[in-house]
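4 protein chains.
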Amino acid sequence: MSPEKKENCGLFGIYGDADAVQKTHFGLYSLQHRGQESAGIASSNGRFIQCYTGMGTVARVFRKDSGLLEKLSNPMAIGHVRYSTTGSTKSANSQPFLSEYSRGQVAIAHNGNLINASVLRDEYEAYGHIFKSTSDTEIIIHLLAKPSHAMREDPIAHTLQHLQGAYCLLFLFPDRIEAARDPHGIRPLSIGQTASGAYVVASETCAFDTIGAKFIRDVEPGEIVRLDERGLHSRFFSTPGEVTPAHCIFEHIYFAKQNSDVFGENVHTFRKCLGRQIAREHPVKADVVIPVPDSGTSAAIGYAEESGIPFDMGFVRSHYIGRTFISPTQELRDLQVKLKLATVKEIVAGKRVVVVDDSIVRGTTTRGKIRSLRQAGAKQIHMRVSCPPIRHPCFYGVDFPTKEELLANNRDMEQIRDFLDVDSVGYCSLEGLLSCASLPADHYCTACWTGQYKIPINTVVNKFIMERYQMTMFEGWIEENV
Amino acid sequence: MSPEKKENCGLFGIYGDADAVQKTHFGLYSLQHRGQESAGIASSNGRFIQCYTGMGTVARVFRKDSGLLEKLSNPMAIGHVRYSTTGSTKSANSQPFLSEYSRGQVAIAHNGNLINASVLRDEYEAYGHIFKSTSDTEIIIHLLAKPSHAMREDPIAHTLQHLQGAYCLLFLFPDRIEAARDPHGIRPLSIGQTASGAYVVASETCAFDTIGAKFIRDVEPGEIVRLDERGLHSRFFSTPGEVTPAHCIFEHIYFAKQNSDVFGENVHTFRKCLGRQIAREHPVKADVVIPVPDSGTSAAIGYAEESGIPFDMGFVRSHYIGRTFISPTQELRDLQVKLKLATVKEIVAGKRVVVVDDSIVRGTTTRGKIRSLRQAGAKQIHMRVSCPPIRHPCFYGVDFPTKEELLANNRDMEQIRDFLDVDSVGYCSLEGLLSCASLPADHYCTACWTGQYKIPINTVVNKFIMERYQMTMFEGWIEENV
Amino acid sequence: MSPEKKENCGLFGIYGDADAVQKTHFGLYSLQHRGQESAGIASSNGRFIQCYTGMGTVARVFRKDSGLLEKLSNPMAIGHVRYSTTGSTKSANSQPFLSEYSRGQVAIAHNGNLINASVLRDEYEAYGHIFKSTSDTEIIIHLLAKPSHAMREDPIAHTLQHLQGAYCLLFLFPDRIEAARDPHGIRPLSIGQTASGAYVVASETCAFDTIGAKFIRDVEPGEIVRLDERGLHSRFFSTPGEVTPAHCIFEHIYFAKQNSDVFGENVHTFRKCLGRQIAREHPVKADVVIPVPDSGTSAAIGYAEESGIPFDMGFVRSHYIGRTFISPTQELRDLQVKLKLATVKEIVAGKRVVVVDDSIVRGTTTRGKIRSLRQAGAKQIHMRVSCPPIRHPCFYGVDFPTKEELLANNRDMEQIRDFLDVDSVGYCSLEGLLSCASLPADHYCTACWTGQYKIPINTVVNKFIMERYQMTMFEGWIEENV
Amino acid sequence: MSPEKKENCGLFGIYGDADAVQKTHFGLYSLQHRGQESAGIASSNGRFIQCYTGMGTVARVFRKDSGLLEKLSNPMAIGHVRYSTTGSTKSANSQPFLSEYSRGQVAIAHNGNLINASVLRDEYEAYGHIFKSTSDTEIIIHLLAKPSHAMREDPIAHTLQHLQGAYCLLFLFPDRIEAARDPHGIRPLSIGQTASGAYVVASETCAFDTIGAKFIRDVEPGEIVRLDERGLHSRFFSTPGEVTPAHCIFEHIYFAKQNSDVFGENVHTFRKCLGRQIAREHPVKADVVIPVPDSGTSAAIGYAEESGIPFDMGFVRSHYIGRTFISPTQELRDLQVKLKLATVKEIVAGKRVVVVDDSIVRGTTTRGKIRSLRQAGAKQIHMRVSCPPIRHPCFYGVDFPTKEELLANNRDMEQIRDFLDVDSVGYCSLEGLLSCASLPADHYCTACWTGQYKIPINTVVNKFIMERYQMTMFEGWIEENV
């Protein structure tokens with residue numbers, strides 16, 4: 001998948017561990033692929049919450065010499081890594097959000113996108129509320145603080161019932177963590193446990209491996225899991241089974257790490273299955289199968305196995321540029337492709353090459369990579385993509401460009417082939433894609449291919465709507481690409 | 001005055017100047033003595049507001065190489081330098097505060113202390129409002145945003161009528177600046193004009209000199225001054241004359257700069273008058289009169305002139321440590337006295353020395369200075385203080401310690417003399433102090449000496465009450481003493 | 001290869017390009033895998049040289065907002081990335097070294113290790129010379145500056161004749177670049193040319209791809225190549241053919257990037273050949289072949305192809321920790337393994353797994369990885385290593401630990417198998433290794449396996465000898481892991 | 001004295017104190033007025049030396065959070081603050097200089113200016129020596145390392161006999177400190193002792209007060225003082241009495257702090273005597289005497305006392321801009337005057353004002369101050385200067401501009417009065433100046449007024465000569481004005 005596609009966020013929380021803050025730090029490292037724009041950790045000593053957030057990667061925000069992690073030694077903590085889907089790239093938008101309201105302090109970390117955030121914001125501003133950020137997440141604290149919500153038996157449940165869209169949420173109160181997932185279960189959120197019995201929640205199970213915890217189960221769609229001194233307690237704010245799940249299948253295709261299990265199955269296995277599937281759907285005579293690393297690697301291995309064509313690593317990715325270069329601005333995009341992905345001439349020169357990538361969005365960076373292969377002497381280039389053509393925007397947290405910018409919008413296969421300048425192009429069919437999934441086909445959101453949104457988009461909502469809140473809040477942060 | 005006494009804040013605003021941001025920057029430099037904890041500038045291009053704040057001095061926040069000032073080139077701006085009176089020393093408390101509410105954006109800068117802030121905060125939290133800082137200033141935005149206020153003909157006037165305590169306020173809206181001063185006129189706020197006609201407001205007139213503007217008049221107690229494209233417009237939210245002013249005479253004694261005019265008269269002249277007054281009230285045979293620089297210098301000159309005893313600079317102040325070392329923590333206090341104030345032995349050795357300081361709070365640092373003089377060989381030391389003994393706390397923005405910590409609390413003159421280890425001690429009488437003032441005696445607040453508070457303190461209020469809001473928000477700022 | 005093995009350095013130089021500095025910057029990015037400890041660029045405007053060096057990665061030293069690259073806009077430049085082999089990790093050791101001597105300025109960048117550096121340093125100190133660093137490179141400037149050398153017709157050639165050991169050198173004089181390679185050609189150095197005709201030199205050809213230059217040929221062992229306004233001029237300071245080459249075959253096995261050509265052949269192709277070779281030498285029945293990424297990937301693909309066992313990516317490497325964590329200290333080594341390399345359970349659970357790595361040094365990190373595989377449920381683990389057991393130290397720039405610390409020192413295969421806790425272990429034979437090489441077997445240095453050093457080690461020399469120069473020079477650099 | 005005049009450097013050293021590094025840190029704070037361009041501390045644990053230097057003020061280089069001072073806990077240390085007289089403002093020139101030569105390590109700190117530095121540098125480059133900086137100090141290490149010097153019984157004494165010009169030097173060897181002063185005693189260097197018996201050396205005695213040490217005596221011209229485990233040992237490298245001293249009287253007039261004793265007498269007392277002297281030489285009828293703070297304050301007090309005209313502080317200096325703004329570039333000079341020195345109108349309006357400054361160099365900033373007074377309403381302005389007109393350059397460390405730029409060059413008193421736009425101008429006569437000095441008149445250097453240089457200037461030497469060494473070495477330092 002091209003670097004132009006932005007990630008969503010990563011969540012991590014742990015209750016009941018003397019090294020909660022340090023383990024949250026490690027957990028965030030393992031979730032760093034979900035967002036490098038900002039990072040933050042909020043922790044509580046049981047009485048009050050301390051929060052530190054900053055712009056950039058986990059390594060940058062929590063620098064070895066900053067002493068921050070030592071200062072934050074509390075038995076419970078939540079952490080967040082962020083890539084903006086709504087909200088400018090401002091430090092005011094970094095999470096966790098720490099606030100105080102009538103019931104005391106709360107810190108919130110959010111993965112997903114609320115489609116009714118601007119409607120709610122208008123409503124609450126009309127009530128006299130003030131806002132300090134441009135993030136959709138801030139509205140959640142306002143809902144929670146509303147007196148008619150706060151006096152309910154379960155204010156969080158009541159609050160969540162007002163939210164529309166995709167959300168996994170971690171709430172840190174001075175005495176507990178509450179973890180919730182939207183009724184459609186769009187984004188993943190899993191529960192684990194350390195050897196000493198502390199409970200952990202994370203966007204992906206790879207974070208459990210990092211700190212030596214075991215996967216227990218997912219937070220269910222519509223469930224709130226409370227972690228406190230009495231252990232883990234579950235409740236539902238949405239009747240289980242009433243809402244058909246709408247898991248974002250892009251988590252499997254692109255977002256999640258190969259070694260994570262999401263929605264009940266391993267990401268690598270899923271991707272490899274996709275590779276086999278496109279090998280069957282789009283066979284071709286070729287000399288070598290190469291992936292666009294790293295997101296295309298698993299599928300390429302699958303393609304190679306199914307087709308019998310040798311697998312090789314025709315592209316070499318630089319580890320020193322990283323996704324940190326993916327600034328929301330266009331400026332360094334060309335430089336990036338060039339520096340990030342080198343070509344191994346010996347693998348492709350004079351060969352018929354099958355290139356496997358996870359998806360294509362705008363197509364411009366893919367075209368750049370194809371050009372590199374041509375320059376390296378590839379005789380034929382056959383593009384294989386492990387999902388169907390993306391033709392519709394996502395309102396649930398995937399930061400696709402506008403419909404007009406999507407490569408597959410108003411282009412047929414021949415035009416796409418021309419644009420990319422390849423000898424053939426083959427996308428995985430929707431049926432093929434779903435055949436690799438273990439859950440029923442209707443348990444996934446496929447809107448970006450089909451346009452069928454499981455949560456109705458009533459209002460004219462897009463990812464930029466929050467931007468009318470033209471608050472440009474520099475808060476001491478000077479961008480430093482490291 | 002001893003370094004243990006904290007300052008309040010400084011405000012600067014300018015409308016209608018192409019270099020508004022740069023001039024605000026200069027203005028803040030000249031007001032730096034009013035607060036070094038944080039600095040910030042908010043500016044508007046007529047449509048939306050940009051705000052940058054940071055911890056530390058103006059020089060530090062707006063570093064030459066940060067490029068911030070070039071980015072912020074708008075025709076109107078407000079700025080703030082802060083020393084905390086309420087609210088922890090956290091970056092979340094730095095000002096101007098930028099928020100959005102139902103009517104759009106607003107940035108607020110505040111000098112003073114609201115005595116009903118915690119009551120109002122409780123009330124608004126009960127309405128469901130959330131708070132992001134521990135500063136008393138944040139409540140003002142909530143009041144302004146309250147629907148029943150926002151729909152008024154003059155929401156600002158209506159908002160101000162709810163505030164109790166000391167406040168000078170600058171509001172920056174996308175299209176205008178509004179400057180207001182509390183009905184008692186406790187803190188100073190003046191209006192100036194540049195040669196090209198742009199209006200300026202500032203806590204002290206010295207800021208006008210810095211940018212080449214002329215003083216016009218003070219913002220009156222209970223007045224709101226609006227600066228917009230139609231020029232300057234005045235209105236009152238409190239009937240003029242109904243409330244007797246309660247100007248903080250400590251502005252004359254300590255806070256303001258010698259070259260400023262506050263409450264209608266020059267600070268240096270006032271202080272020199274005080275020096276003459278204590279020379280008359282507490283004459284002594286001595287060889288030399290020396291000030292505790294810089295706040296005692298003017299009075300010492302006055303004392304020397306009246307008494308005929310030669311003036312000299314027996315203390316030398318270091319310019320490289322600065323007030324930045326005055327962290328609210330105790331830790332470097334001893335180091336500070338030692339490094340900040342050196343003694344010129346030749347001036348004091350074998351001499352009978354009159355030492356003039358503006359005031360004494362705890363007395364511990366004064367005692368340290370006296371000890372330095374003894375070590376330098378002074379034969380006799382006569383302490384003279386240009387205001388009466390401080391015996392009561394201030395609720396309007398001067399950060400005195402608790403009553404118990406005040407030197408003059410429960411100590412008679414002999415005990416004070418013993419504590420300081422001086423040969424004699426003489427404070428200016430209240431009558432003597434007021435005789436130097438040009439306004440009627442009842443136009444000043446003298447509560448710290450008399451305990452007679454002009455604004456009733458009904459609730460158990462102290463400067464630390466906001467601290468129960470135990471939000472420790474580190475926002476990316478690692479303290480660097482420079 | 002385990003992270004405990006340190007890299008050597010990377011060189012880049014370009015003459016005659018308006019964007020020389022910027023292209024050097026790009027070139028260093030592509031050579032970053034050769035050293036992340038420090039980076040630097042020296043450039044000349046034809047009259048004098050400017051030099052900037054700093055600690056950390058290229059990205060860190062030349063931060064986007066530092067403006068350094070814009071300032072350094074000269075038509076010729078050389079750059080360096082460093083990993084210390086001798087010399088403490090101090091900023092005084094970062095390169096290029098800029099000095100002035102009787103003939104003016106010179107900046108030097110060095111890749112390799114001089115085995116007679118300490119002898120020469122003693123000699124020159126006895127002449128009264130002073131040294132500012134602990135690097136072996138500094139002696140070169142002293143040799144060059146020696147009057148009896150400086151007055152020679154070719155002072156550089158004369159200087160080089162005094163050096164023993166491994167070296168590729170770039171000299172930047174105000175008007176030219178001189179590039180030299182030791183008579184044994186131990187480290188690689190290649191010449192390229194841009195489309196517009198500018199000459200480029202680099203440690204690896206991958207740097208040419210990055211800036212769009214074409215490979216021309218290698219700098220020959222014993223050759224000096226001069227780049228100036230008259231183009232490229234070659235001369236030899238050692239009679240060609242007289243010395244048998246001793247190319248460091250570890251460049252093929254570990255150091256160089258897959259897409260580079262070194263010593264006349266492609267790195268990836270070489271490694272894949274090794275994989276095939278060990279598949280023949282050490283066949284085993286297994287379900288999957290997995291590499292230790294990234295250095296074992298090419299060989300694993302070769303092994304899989306030769307054996308017919310499916311290839312898969314059982315380890316996932318984190319891109320956010322990077323080699324920057326490899327501080328020469330032991331402290332974070334455990335953390336590193338854990339965070340850097342995750343296991344994909346689904347690939348290895350219940351499987352017979354062949355693990356391919358490029359080499360094993362101490363064996364401790366390898367053992368850690370094996371343990372991860374066991375924990376992930378691997379049924380059998382068969383370790384395959386694409387070079388012979390390392391039993392001897394390197395004096396030419398590879399930072400192996402002491403002989404005692406080497407896994408294969410005094411351990412037979414069974415003991416190694418036990419240590420690693422694997423079901424079988426198989427190293428590539430020396431003959432097998434050399435069979436993949438295109439040059440005659442005696443053209444390579446194989447000392448780390450055979451103990452046969454091509455350059456005699458007469459004196460008691462080891463990589464730490466320079467450390468007796470106990471100069472601990474902090475020069476304003478506070479380590480920041482980013 | 002105008003800010004255009006640059007300072008020289010400050011030295012501090014201490015032997016035999018457990019807190020040697022920390023006390024050096026304090027000592028440098030108190031010497032900060034002698035140079036703010038760079039700061040550094042070298043310390044030894046008895047076996048080897050650690051050194052840390054950086055650009056900017058002491059506060060900036062040794063930031064509270066950098067942990068540098070804790071790391072450097074050794075029983076002996078030397079420190080340096082620098083203002084460049086020769087050598088570009090580059091980090092390569094910051095001191096102490098740490099090097100290694102045949103006898104081991106040595107760190108050197110220097111105050112003064114060597115007039116034969118470039119001659120010696122040429123000579124040593126001809127010997128094959130290399131140079132890493134553009135500072136004149138670097139040559140000293142080369143002299144010390146020269147074999148024929150190093151084998152002498154007293155290499156330091158032998159080295160110093162080759163130096164011409166002004167120098168106070170501290171040498172830190174692993175086991176001792178050696179402090180030396182040139183035979184003319186141009187710059188000051190004093191010896192003190194702490195209560196616990198540790199010996200201290202410093203450029204000014206004010207540093208002793210800061211750390212609680214007592215002044216013992218000056219290091220004599222031509223003397224070397226050795227501080228080691230056996231205590232203090234003195235020797236002479238120049239026959240005492242053979243050379244007539246040439247103390248820089250500008251130390252009294254401008255450089256040193258009021259509370260320091262230099263050349264045997266107190267600075268404040270000296271300056272006050274000058275004020276009395278000019279009152280006698282240039283009496284005038286006036287209403288008020290005001291100093292240009294801080295260097296003119298003592299003389300103004302003396303003028304006021306002698307004349308009977310009241311003293312007052314008509315200028316207020318800002319403590320937040322500081323000398324850090326005095327970058328060697330012209331760019332911020334205007335801003336600086338405006339922000340640094342405010343006028344108190346009430347003191348000067350309608351008055352006949354005597355303004356006392358220590359000296360006038362170019363006259364441009366003085367003219368700016370006069371203009372401020374006129375704008376503030378002064379009726380008459382009488383300029384009084386406490387030294388004679390400066391007409392000749394200094395080769396011994398005072399960074400006057402070129403002869404052509406000096407105000408008094410080719411201008412008579414009337415022209416000077418016109419240039420400054422004052423009603424009268426009066427300089428102190430040379431006789432008057434010397435009458436305030438306690439040493440014989442011929443014991444001072446008066447070359448800047450008389451052109452009679454006590455050390456012959458044989459070669460065409462000027463302060464910029466070293467600048468032909470066009471080494472522009474950026475070493476990781478990005479200027480940050482704080």
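Order-wise, the sequence lines are chains A, B, C and D. Mind the numbering: the first sequence is residues 1 to 482 in our numbering, read in order. Mind the numbering: the second sequence is residues 1 to 482 in our numbering, read in order. Mind the numbering: the third sequence is residues 1 to 482 in our numbering, read in order. Mind the numbering: the fourth sequence is residues 1 to 482 in our numbering, read in order. Cβ atoms here follow ideal geometry from the backbone N, Cα and C, with glycine treated the same way. These numbers were taken from a predicted model, which means no experiment stands behind them.
- DSSP places P291(B) within a strand segment (E or B) once states are collapsed to three.
- Here DSSP, grouped into helix, strand and coil, assigns Y29(A) to helix.
- If only complete runs of 3 or more residues are kept, the stretch 168-229 of chain D shows the beta strand (DSSP E) at 176-181, 190-193, 199-202, 214-218 and 223-228, in order along the chain.
- When beta bridges are read from the DSSP output, F236(A) appears opposite E223(A).
- Rounded to the nearest whole angstrom, the C-alpha separation of H162(A) and Y444(A) is 22 Å.
- For the stretch 339-351 of chain A, residues whose beta-carbon sits nearer than 8 Å to a beta-carbon of chain C comprise L339, A342, T343, V344, K345, E346 and I347.
- In this structure, V356(D) places its C-beta atom within 8 Å of the C-beta atom of Y303(D).
- Here the alpha carbons of K379(A) and G350(A) stand approximately 5 Å from one another.
- Take C436(A), set aside five residues on each side of it, and the residues of its chain with a beta-carbon closer than 7 Å to its own are F270, C273, L274 and Q277, in chain order.
- Residue burial annotation: D418(A) is exposed, with fewer than 16 other C-beta atoms found within 10 angstroms of its C-beta.
- For the set A117(D), A145(D), L120(D) and K132(D), the Cα lying nearest the Cα of H129(C) is the one of A145(D).
- Taking 8 Å as the upper bound for CB-CB distance, C9(C) and R82(C) are in contact here, some 5 Å apart.
- Considering only C394(A), A126(A), D209(A) and I290(A), the residue with the shortest C-alpha distance to E100(B) is A126(A).
- Here R352(B) carries a strand assignment [DSSP, helix/strand/coil].
- Look at the stretch 120-138 of chain A: the residues with a C-beta under 7 Å from a C-beta of chain B are E125, A126, Y127, G128, H129, I130, F131 and K132.
- Each residue's CA atom was taken as its position, placing V398(B) and P96(B) some 20 Å apart.
- Think of a sphere of 9 Å around the beta carbon of A59(B): no beta carbon from chain A falls inside it, the nearest being about 15 Å out.
- Chain D has a Cβ within less than 8 Å of the Cβ of K146(C).
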